[in-house]
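The structure appears right after this line, and notes come after that.
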Amino acid sequence: MAEGARMCAFPVLLQGAWESPDPPKILRNKILRYFQSRKKSGGGECEIQKQGGQILVCFAQEEVRQRVLSQKTHELDLAGKGTLKVEVSLYETTDPAKDNVPKKEVFSEKALREESQAREMEVQQDYHLRGGPAGEVPHVEKDILDCPQKSSQVVLENVEENIHLETLTLLVDNISALSGDSTFHIEQINEKKAAVVTFQQSTAAANFLKQCSKNHRFQEYRLTARPLELTHVIKVENIPAATSSEFLTLYFESPKCGGGQVSDIQMLPREDSALVTFGDSQAALTALKKQHSLNGQSVLVYPFYSSLETVLYGKEKPQIKMPEPISVPLDPYIWQFLQGKYKLIQELEKEMANCFCELIWPQATCESKVILSPSATLAKQRTSIKELVRSWKDKV
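Have a look at this one:
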């Protein structure tokens with residue numbers, strides 16, 4: 001189930017109609033993604049644990065657990081196989097001193113080593129079939145054999161609109177400089193009132209988290225900070241038309257292309273994209289380090305975080321083509337009327353500006369038509385820009 005030393009402190013008991021005592025690995029990943037999504041379950045940062053034959057979902061914050069418990073029904077979409085209803089209840093402990101945090105199912109060092117050796121053998125066999133020297137493993141493939149890493153990213157929440165990127169950068173710089181770690185990158189997520197700070201090392205992220213609780217400016221802004229989970233999910237963008245989920249599964253399970261078991265594929269046809277969920281974060285990391293092409297067409301891959309319900313692009317901005325301007329015929333008599341109504345024109349321009357649209361009125365000697373053009377503010381939007389671009393023509 002869960003791995004690592006740190007445990008989430010606020011568990012709920014999970015019950016469902018799975019055939020075996022434990023949910024299979026693919027279903028566990030779906031459960032984890034579901035309860036990490038605030039939109040779907042009311043949840044947030046969490047992990048799955050096993051306690052005395054019972055399945056627990058353990059949350060990092062008590063208020064998140066309460067949101068999950070207050071939601072009347074929880075159903076998982078099984079992608080073409082119907083839905084699975086799960087019952088969630090408060091996990092009661094009999095001895096607070098002993099059971100304050102539930103015991104985890106622990107994977108032994110030997111089991112992890114055997115799994116790594118098996119995966120290494122698969123990589124070597126694939127490389128040998130492709131003509132590589134026997135016993136040599138390409139450098140990029142060795143990453144999947146590394147031990148799980150701690151996160152080098154921190155989520156800042158309750159970031160209000162009046163806290164601009166420049167202010168946030170100064171605040172993070174002041175706090176991180178106290179521990180000697182001042183190299184970082186910030187990516188704001190305005191829709192979630194959040195920001196993600198990426199440090200060069202996980203130790204820098206841990207030191208920053210310690211300093212946050214002591215910093216009076218940080219408290220003054222009423223910000224909260226938590227480590228960002230190591231994601232199992234990537235978003236694949238610019239997918240060719242008619243690409244199937246089966247093809248993506250086989251592609252990313254290939255050691256040459258992805259190198260890890262795929263547990264779920266969610267196609268996003270409106271975006272020419274897909275969410276690919278791997279069995280572990282190392283497989284996702286390996287896929288993110290590689291360049292990909294499908295049927296001769298280059299595709300882009302980025303990490304997707306279920307707890308934030310968004311992609312992080314890092315320093316690389318999303319590649320988005322702005323909508324083409326729209327030309328609309330304008331009756332000469334209506335245009336003549338509008339020219340004498342300056343306030344009315346201002347109101348029209350203000351209304352269209354709310355849709356990220358700029359009105360270009362006809363010149364006196366030109367054809368009577370108005371041009372609806374994407375405004376400069378559209379390109380300045382952050383994580384919501386793709387949806388805004390897709391819906392721009394419909395809204396204007």
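The sequence shown: position 27 = 27 (full-length UniProt numbering), numbered continuously.
Backbone N, C-alpha and C define an ideal beta-carbon position, used for all residues, glycine too.
Of the residues S373, L344, R33, the one placed nearest S263, counting alpha carbons only:
On the sequence shown, residue 263 is found 263 positions in, with the first residue counted as 1. The shortest Cα separation from S263 among S373, L344, R33 belongs to R33.
Could you name the residues of the same chain whose beta carbon sits closer than 8 Å to that of A60, not counting the 5 residues immediately before and after it, in chain order?
In the sequence shown, residue 60 corresponds to position 60, counting from 1. Only C8, A9, F10, G44, E45, C46, R226 meet the Cβ criterion.
What did DSSP end up calling Q297 once you bin it into helix, strand or coil?
Within the sequence shown, residue 297 is the residue found at index 297, counting from 1. In this structure, Q297 counts as strand in the three-state DSSP scheme.
Just the C-alpha distance for V86 and A284, rounded to the nearest angstrom, thanks.
Locating residue 86 in the sequence shown gives position 86, counting from the first residue. Locating residue 284 in the sequence shown gives position 284, counting from the first residue. Rounded to whole angstroms, V86 to A284 spans 27 Å at the Cα level.
Less than 8 Å between the C-beta atoms of L13 and Q54, yes or no?
By 1-based counting over the sequence shown, the position of residue 13 is 13. By 1-based counting over the sequence shown, the position of residue 54 is 54. Yes. Within cutoff.
Count the other CB atoms, across all protein chains shown, that sit within 10 Å of the CB of G52; report buried if there are 16 or more and exposed otherwise.
Position 52 of the sequence shown, counted from the start, is the residue given in the question as residue 52. So G52 counts as exposed.
With C-beta atoms as the reference, is F218 less than 8 Å away from S176?
Within the sequence shown, the letter at position 218 stands for residue 218. Within the sequence shown, the letter at position 176 stands for residue 176. Taking 8 Å as the Cβ cut-off, F218 and S176 do not qualify as a contacting pair.
Among all the DSSP beta bridges, which residues are the ones paired with H74?
The residue labelled residue 74 in the question sits at position 74 within the sequence shown. Bridge partners of H74: V86.
Taking the straight line between their C-alpha atoms, what separation do you get for Q15 and Q36?
Taking the first residue of the sequence shown as position 1, residue 15 is located at position 15. Taking the first residue of the sequence shown as position 1, residue 36 is located at position 36. Their Cα atoms are separated by approximately 17 Å.
Flag L69 as yes if its beta-carbon sits less than 8 Å from any beta-carbon of chain C, otherwise no.
Of the protein chains in the structure, only one exists, and it is not chain C.
Bridge partners of Q49, per DSSP?
Here residue 49 refers to the residue found at position 49 when the sequence shown is read from its first residue. According to DSSP, Q49 bridges with L56.
Nearest-angstrom Cα distance between K30 and V88?
What you label residue 30 is simply residue 30 of the sequence shown in a count that begins at 1. What you label residue 88 is simply residue 88 of the sequence shown in a count that begins at 1. Near 15 Å, if we compare the C-alpha coordinates of V88 and K30.
Give me, in chain order, the residues of the same chain whose beta-carbon lies closer than 7 Å to that of L312; leave out the 5 immediate sequence neighbours on both sides.
Mapped onto the sequence shown, residue 312 falls at position 312. E187, V196, Y302, P303, Y305, listed in sequence order.
Give a yes or no on whether the C-beta atoms belonging to L372 and I334 are separated by under 8 Å.
One-based indexing of the sequence shown puts residue 372 at position 372. One-based indexing of the sequence shown puts residue 334 at position 334. Contact: no.
Return yes when the Cβ of L90 is within less than 8 Å of the Cβ of T83, no when it is not.
Here residue 83 corresponds to residue number 83 of the sequence shown, with the count starting at 1. Here residue 90 corresponds to residue number 90 of the sequence shown, with the count starting at 1. Against a cut-off of 8 Å, the Cβ pair of L90 and T83 comes out as no contact.
To the nearest angstrom, how far is the alpha carbon of T377 from that of P323?
Counting from one through the sequence shown, the residue named residue 377 turns up at place 377. Counting from one through the sequence shown, the residue named residue 323 turns up at place 323. C-alpha separation (whole angstroms): 13 Å.
Scan the segment 186 to 253 and note each continuous beta strand (DSSP E) run of 3 residues or more that stays entirely inside, going in chain order.
194 to 199, 224 to 227, 233 to 237
Let me check understanding here. Comparing Cα to Cα, which of T73, L248, D331 lies closest to residue 410?
Because residue 410 is not part of the residues shown, which for the chain are 1 to 396, the question remains open.
By DSSP, does L388 sit in helix, in strand, or in coil?
On the sequence shown, position 388 is the one that residue 388 refers to. It is helical.
Once the 5 residues before and after Y251 are set aside, which same chain residues still bring their CB inside 6 Å of it?
Within the sequence shown, numbered from 1, the residue matching residue 251 stands at position 251. Only C257 meet the Cβ criterion.
Can you give the Cα-Cα distance for Q363 and V370, rounded to whole angstroms?
As a working mapping, residue 363 is identified with position 363 in the sequence shown. As a working mapping, residue 370 is identified with position 370 in the sequence shown. Cα-Cα distance, rounded: 10 Å.
Looking at the structure shown, is Q124 part of a helix, part of a strand, or coil, going by DSSP?
Start at 1 with the first residue of the sequence shown, and residue 124 comes out as number 124. Unreliable placement is indicated for Q124, whose pLDDT of 38 sits below 50; no coordinate value is reported for it.
Rounding to the nearest angstrom, what Cα-Cα distance links V159 and V68 in this structure?
Along the sequence shown, read from residue 1 onward, the residue named residue 159 stands at position 159. Along the sequence shown, read from residue 1 onward, the residue named residue 68 stands at position 68. Between V159 and V68, the C-alpha separation is close to 23 Å.
Where does the unbroken beta strand (DSSP E) through F356 begin, and where does it stop?
As a working note, residue 356 is residue 356 in the sequence shown. Careful: F356 lies outside any beta strand (DSSP E) and carries neither H nor E.
Can you give me the Cβ contacts of L300 inside the same chain, cut-off strictly under 6 Å, excluding the 5 residues immediately before and after it?
Numbered from 1 along the sequence shown, position 300 holds the residue referred to as residue 300. Closer than 6 Å at the Cβ level, and outside the excluded window around L300, lie E237, N238.
Taking only three categories from DSSP, how would you classify T183?
For the purposes of this step, residue 183 is taken as the residue at position 183 of the sequence shown. T183: coil per DSSP, three-state reduction.
Secondary structure of D280, DSSP reduced to three states:
For this step, residue 280 is matched to residue 280 along the sequence shown. D280 falls in the coil class under three-state DSSP.
So V276 and L308 are supposed to be a Cβ contact under 8 Å. How far apart are they, rounded?
As a first step, residue 276 must be located in the sequence shown, where it is residue number 276. As a first step, residue 308 must be located in the sequence shown, where it is residue number 308. At roughly 17 Å, the Cβ-Cβ gap does not stay under 8 Å, so V276 and L308 are not in contact.
Pick from V154, T169, N190, K289: whose alpha carbon is nearest that of T198?
Within the sequence shown, numbered from 1, the residue matching residue 198 stands at position 198. Out of V154, T169, N190, K289, V154 has the C-alpha closest to the C-alpha of T198.
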